[in-house]
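Taking it in order: structure first as structure tokens, then the write-up.
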Ligand SMILES: [Fe+2]
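In my numbering, the protein residues as written are 12 to 362.
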């Protein structure tokens, strides 16, 4: 076992929390936003809209917030100027240049492998063209990591700043904050999948049905699938089954409504008969990082021939793995001598 633990210590050196989207080297400051056709977004209106730090735009049920429980939420962002079609079209243009767009046609189904959907069912239009024709485009378009755009970086930070005081007592350590905007044609499906972040999914325009399964539902996503996902972002072991629908919490979302999905809660989305705009605000916390690290370590143990008990069932093993990981991180920090340089692509500096 000691050899195995030494190997874990070494392999944990791979940067587990490396930013998925790299570091932006040339961020600029926006004072106004120019859109196709030379129309301009009123900078003062956007500035006013961003001045909402003192009040949460997202609200929970009266029985409180549990960070590991799927739950309905409400929000007040449907009329936000940054979430209207002209501004989204301008943002799509800017993100397209940076390669921060994901899109596929509406041929993708619930059981389409999520990681392969863009290759299997490509949408050949540009992002801007897709948005301009979204009612008839038969396409799903995701604006990825919108916080890499300076204007939306402030937006993401503002909204999550507002909700942070409500979360911190029960789920401290919010970090790596991001935003994702999904625009989809009528009758478009987002295939079954899960993600690593906690997620406030807010419906802005149109209607959609969202199926969400508990983060600890091992029938829908077993321990091995979770280990592999955290280890190498692989989703192959998360396989759709129509029977799963009966196990899901189902949200029929309209503007002003949303769903909170804890880290690795499997989900699948079916758009209604209208164009839909949805925004996700995502982040990690101390607990999501701990959970991810343990799954990753367990995946490594499996590769060495061990069969670890499920994460959370052996405090002796879990505590030992965390201790090793922390020791490795401390060593790397000391060896770095002065830290990294550059600008993080997330909505705040987390280093
Ligand atoms: Fe997702």
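Just so you know, even glycine gets a beta-carbon here, dropped at the ideal spot from N, CA and C.
Tell me residue 210's beta-bridge partners as DSSP assigns them.
The partner list for residue 210 (beta bridge, DSSP) reads 272 and 293.
Residues that residue 186 bridges to, as DSSP identifies them
295
Proximity to residue 149 [Cα-Cα], best of 249, 196, 70 and 258
Taking only the C-alpha atoms, the option nearest residue 149 is 196.
Assigned secondary structure, residue 198 (DSSP; H/G/I helix, E/B strand, else coil):
coil
Going by the beta-carbon positions, is the gap between residue 114 and residue 139 smaller than 9 Å?
no
Output the residues surrounding ligand 1, defined as those with a CB atom closer than 6 Å to any ligand heavy atom, in chain order.
204, 206 and 278
Inspect the beta-carbon positions of residue 269 and residue 214 and report whether they are closer than 9 Å.
Yes, the Cβ-Cβ distance between residue 269 and residue 214 is below 9 Å.
Whole angstroms is fine: what's the gap from residue 12's alpha carbon to residue 129's?
Bear in mind that a pLDDT of 38 at residue 12, under 50, signals an unreliable position, so the model cannot answer this.
With distances taken Cα to Cα, identify the nearest neighbour of residue 279 among 231, 321 and 100.
231
Neighbourhood of residue 122 by C-beta, 6 Å cutoff - its chain only, sequence neighbours within 5 removed:
Only 251 meet the Cβ criterion.
Have a look at the DSSP bridge pairing and note the partners of residue 366.
The chain is shown only over 12 to 362; residue 366 falls outside these bounds and no answer can be derived.
Determine the contact status of residue 106 and residue 157, defining contact as a CB-CB distance below 9 Å.
In contact: residue 106 and residue 157 (Cβ atoms closer than 9 Å).
Kindly confirm or deny that the region 234 to 250 and the region 310 to 324 touch, where touching means at least three C-beta pairs closer than 8 Å.
Enough Cβ pairs lie closer than 8 Å, so yes.
Cα-Cα, which of 259, 290, 305 and 96 is closest to residue 240?
305
Using a Cβ-Cβ cutoff of less than 6 Å, which residues in the same chain neighbour residue 249 once the five nearest sequence positions on both sides are dropped?
The residues are 232 and 236.
With a threshold of 8 Å, are at least 3 pairs of Cβ atoms found where one atom belongs to the region 217 to 225 and the other to the region 89 to 97?
no
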